[in-house]
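Colleague: Numbering (the working numbering), first residue to last: 4 to 113.
1) If we ignore side chains and look at the alpha-carbon of each, how far apart do residue 98 and residue 64 end up?
2) In whole angstroms, what separates the C-alpha of residue 25 from that of residue 95?
3) Taking the alpha carbon of residue 6 as the point to measure from, which residue in 90, 45, 104, 51 has its own alpha carbon closest?
4) What is the rounded straight-line gap between the Cα of residue 112 and the Cα of residue 23?
5) Going by the CB atoms, is the gap between residue 45 and residue 81 shorter than 8 Å?
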(Lines of atoms letter the chains of each structure in order from A; the text may use other names.)
(Lines give C-alpha, C1' and ligand atoms only; values in the text may rest on other atoms or scores of the structure.)
Protein backbone atom coordinates (compact mmCIF):
# COMPACT_ATOMS: atom_id res chain seq x y z
CA UNK A 4 0.00 0.00 0.00
CA UNK A 5 1.18 3.50 -0.81
CA UNK A 6 -0.12 6.48 1.17
CA UNK A 7 0.23 10.05 -0.07
CA UNK A 8 -1.29 13.12 1.53
CA UNK A 9 -1.49 16.75 0.60
CA UNK A 10 -3.38 19.75 1.85
CA UNK A 11 -5.94 21.22 -0.57
CA UNK A 12 -7.76 24.17 0.90
CA UNK A 13 -9.09 23.17 4.32
CA UNK A 14 -9.02 19.47 3.43
CA UNK A 15 -6.27 16.88 3.53
CA UNK A 16 -6.45 14.62 0.49
CA UNK A 17 -5.15 11.11 1.15
CA UNK A 18 -4.46 8.94 -1.88
CA UNK A 19 -4.21 5.23 -1.16
CA UNK A 20 -2.72 2.90 -3.78
CA UNK A 21 -2.54 -0.89 -3.83
CA UNK A 22 -4.11 -3.12 -1.20
CA UNK A 23 -5.44 -2.31 2.25
CA UNK A 24 -5.45 -5.53 4.26
CA UNK A 25 -4.40 -6.89 7.64
CA UNK A 26 -0.75 -6.12 6.87
CA UNK A 27 -1.17 -2.58 5.53
CA UNK A 28 -4.26 -1.28 7.37
CA UNK A 29 -2.30 -0.38 10.53
CA UNK A 30 -0.10 1.88 8.38
CA UNK A 31 -3.22 3.71 7.16
CA UNK A 32 -4.28 4.30 10.77
CA UNK A 33 -0.81 5.38 11.86
CA UNK A 34 -0.28 7.86 9.04
CA UNK A 35 -3.82 9.21 9.38
CA UNK A 36 -3.17 9.69 13.09
CA UNK A 37 -0.03 11.71 12.34
CA UNK A 38 -2.06 13.99 10.07
CA UNK A 39 -4.67 14.46 12.83
CA UNK A 40 -1.96 15.23 15.38
CA UNK A 41 -0.78 18.02 13.07
CA UNK A 42 -4.25 19.58 13.46
CA UNK A 43 -5.85 18.42 10.22
CA UNK A 44 -9.30 16.91 10.73
CA UNK A 45 -11.04 17.21 7.34
CA UNK A 46 -10.04 14.17 5.27
CA UNK A 47 -10.84 13.23 1.71
CA UNK A 48 -9.68 9.69 0.97
CA UNK A 49 -9.12 9.01 -2.73
CA UNK A 50 -9.46 5.28 -3.34
CA UNK A 51 -9.14 5.56 -7.14
CA UNK A 52 -5.95 3.48 -7.11
CA UNK A 53 -6.98 1.08 -4.34
CA UNK A 54 -7.22 -2.43 -5.76
CA UNK A 55 -8.46 -4.29 -2.68
CA UNK A 56 -9.79 -3.60 0.80
CA UNK A 57 -10.29 -6.33 3.41
CA UNK A 58 -12.32 -6.32 6.61
CA UNK A 59 -9.16 -5.17 8.41
CA UNK A 60 -9.01 -2.22 6.02
CA UNK A 61 -12.65 -1.39 6.74
CA UNK A 62 -11.96 -1.51 10.49
CA UNK A 63 -9.08 0.94 10.02
CA UNK A 64 -11.29 3.28 8.00
CA UNK A 65 -13.92 3.14 10.75
CA UNK A 66 -11.32 3.74 13.46
CA UNK A 67 -9.95 6.81 11.66
CA UNK A 68 -13.49 8.12 11.08
CA UNK A 69 -14.32 7.79 14.79
CA UNK A 70 -11.14 9.64 15.80
CA UNK A 71 -11.93 12.42 13.33
CA UNK A 72 -15.49 12.72 14.66
CA UNK A 73 -14.16 13.00 18.22
CA UNK A 74 -12.09 15.97 17.03
CA UNK A 75 -15.13 17.54 15.31
CA UNK A 76 -13.68 16.56 11.95
CA UNK A 77 -14.92 14.41 9.12
CA UNK A 78 -14.03 12.02 6.36
CA UNK A 79 -15.34 11.58 2.85
CA UNK A 80 -14.33 9.29 0.03
CA UNK A 81 -13.97 9.60 -3.71
CA UNK A 82 -13.15 7.56 -6.80
CA UNK A 83 -14.39 4.24 -5.44
CA UNK A 84 -14.36 1.70 -8.23
CA UNK A 85 -15.03 -1.96 -8.86
CA UNK A 86 -14.46 -4.24 -5.90
CA UNK A 87 -13.81 -1.41 -3.46
CA UNK A 88 -17.16 0.18 -4.32
CA UNK A 89 -18.87 -3.19 -3.93
CA UNK A 90 -17.27 -3.80 -0.52
CA UNK A 91 -18.36 -0.33 0.67
CA UNK A 92 -21.89 -1.07 -0.53
CA UNK A 93 -22.18 -4.56 0.99
CA UNK A 94 -20.64 -3.45 4.31
CA UNK A 95 -22.99 -0.47 4.64
CA UNK A 96 -20.14 2.04 4.50
CA UNK A 97 -21.80 3.65 1.45
CA UNK A 98 -24.65 4.81 3.67
CA UNK A 99 -22.39 5.76 6.61
CA UNK A 100 -19.99 8.07 4.77
CA UNK A 101 -20.22 10.69 2.03
CA UNK A 102 -18.92 9.21 -1.22
CA UNK A 103 -18.21 11.25 -4.34
CA UNK A 104 -17.47 10.26 -7.92
CA UNK A 105 -14.50 12.62 -8.23
CA UNK A 106 -12.00 14.43 -6.04
CA UNK A 107 -13.31 17.73 -7.38
CA UNK A 108 -16.82 16.88 -6.17
CA UNK A 109 -15.48 15.91 -2.73
CA UNK A 110 -13.47 19.14 -2.48
CA UNK A 111 -16.54 21.18 -3.44
CA UNK A 112 -18.38 19.72 -0.41
CA UNK A 113 -15.66 20.94 1.94
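Virtual Cβ for every residue (Gly too), placed ideally from N, Cα, C.
Modeller: Taking the structure as given:
1) 14 Å
2) 20 Å
3) 51
4) 26 Å
5) no
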